[in-house]
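One structure below.
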Amino acid sequence: MDIGTVARWSGLPASTLRYYEEKGLIRSIGRNGLRRVFAESVLQRLSLIALGRTAGFSLEDIAGMLASEGGPAIDRERLERKAEQLDQTIRRLSAIRDGLRHAAACPAENHLACPTFQRLMTLASRQASRSRATAR
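Using the working numbering, you'd call the opening residue of the sequence shown number 3 and step up by one each time.
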């Protein structure tokens, strides 16, 4: 399959395919004139890369999970850690969503007078402090 066909089937621009090849995530099997040619199995490899990206893994992480022959060499502990990170993110975002919904429906004339809103502000401040401390 030439690079244009792979781009159409995968939905990725050719520039991304060339970048993935440069990073060692995929490999062309030759050229047809000036166009790179890939084995059909590259589509499955691109699906694995897309799955990893969707789960929040970096390209470097994904490269480490892909065996040289294209099949996954998945570190199950790493997947479990990522799942726990996602659970934490979901809990944090759910709390933010619930807070926004409360603020939108809160009967208090002034949000600053609402105890629930005050708790949300305190939690947001703590989270911001932790984020700043982690960034240092």
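Think of the CB as a built atom: it goes at the ideal place given N, C-alpha and C, for glycine as much as any other residue.
#1: Classify G54 as buried or exposed, calling it buried when 16 or more other Cβ atoms lie within 10 Å of its own Cβ.
#2: Quick check: what's the CA-CA separation for H113 versus Q46?
#3: Buried or exposed: L95, going by 16 or more other Cβ atoms within 10 Å of its Cβ?
#4: Which residues does DSSP pair with N34 in a beta bridge?
#5: L125 by DSSP, collapsed to three states: which one?
#6: To test your reading of the DSSP string, which unbroken alpha helix (DSSP H) runs of 4 or more residues are found completely within the segment 56 to 106?
#7: Mind checking whether I51 and F40 have CB atoms under 8 angstroms apart?
#8: What do you get for R38, buried or exposed, if any count of 16 or more other CB atoms within 10 angstroms of its CB means buried?
#9: Beta carbon of S12, beta carbon of L48: below 8 angstroms?
#10: Going by C-alpha to C-alpha distance, which of S30, A75, I76, K25 sits closest to L61?
This is what the structure holds:
#1: Per the 10 Å Cβ criterion, buried.
#2: Between the C-alpha atoms of H113 and Q46 there is a straight-line separation of about 51 angstroms.
#3: Exposed is the call here.
#4: Bridge partners of N34: R37.
#5: Helix at L125.
#6: Listed in chain order, the complete alpha helix (DSSP H) runs (minimum 4 residues) inside the segment 56 to 106 are 61 to 67.
#7: In this structure, F40 does not lie closer than 8 angstroms to I51 by Cβ.
#8: R38 comes out buried.
#9: Yes, they are a contact pair.
#10: The shortest C-alpha separation from L61 is found at K25.
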